[in-house]
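Take my numbering: the last position of the sequence shown gets the number 94, and nothing is skipped along the way.
We put the beta carbon where it would ideally sit given N, CA and C, even for glycine.
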Amino acid sequence: MAAIHEVKLLWNDPHDSPDAGKKVYDSMFPIVEAAYHARGGGPRLPARADLVKGGRADVRFSIDANGELYLYSKSDGIIRAVVEAIGF
7 MAAIHEVKLL WNDPHDSPDA GKKVYDSMFP IVEAAYHARG GGPRLPARAD LVKGGRADVR
67 FSIDANGELY LYSKSDGIIR AVVEAIGF
């Protein structure tokens with residue numbers, strides 16, 4: 007079985023005003039939710055799971071033929087390219 011690793015996400019919301027800069031997140035949910043609302047989505051993210059405190063974004067990691075890393079969110083149907091990976 008593959009090892010499970012905790013992931014922290016450093017993200018700068020391009021739509022926040024005033025600009026709060028980069029923030030560290032423990033999950034993809036706030037990122038997926040912010041992007042969904044910025045695109046004009048309704049008050050609730052599609053397929054939102056209320057059983058999980060803070061919400062849940064069903065996210066998958068993928069690597070393309072060139073070794074580039076992507077995140078696919080089933081909650082909002084968006085594929086996100088990981089442009090920088092750093093250690094904490």
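inquiry  = In whole angstroms, give me the CA-to-CA distance for serine 33 and glycine 27.
reply    = Glycine 27 has its alpha-carbon roughly 18 angstroms from the corresponding atom of serine 33.
query = Excluding sequence positions up to five away, which residues of its chain have a Cβ less than 7 angstroms from the Cβ of serine 68?
reply = Counting only Cβ-Cβ distances below 7 angstroms, and skipping sequence neighbours, we find Tyr76 and Tyr78.
message = For lysine 29 and histidine 43, what's the separation of their Cα atoms in angstroms?
response = Their backbone Cα atoms lie some 18 angstroms apart in a straight line.
task = Buried or exposed for leucine 51, please, with buried defined as at least 16 other CB atoms from any protein chain shown within 10 angstroms of its CB.
result = Buried: at least 16 other Cβ atoms inside 10 Å.
ask   = How far does the alpha helix (DSSP H) with alanine 44 in it reach, from first residue to last?
value = Its alpha helix (DSSP H) spans residues 35-44.
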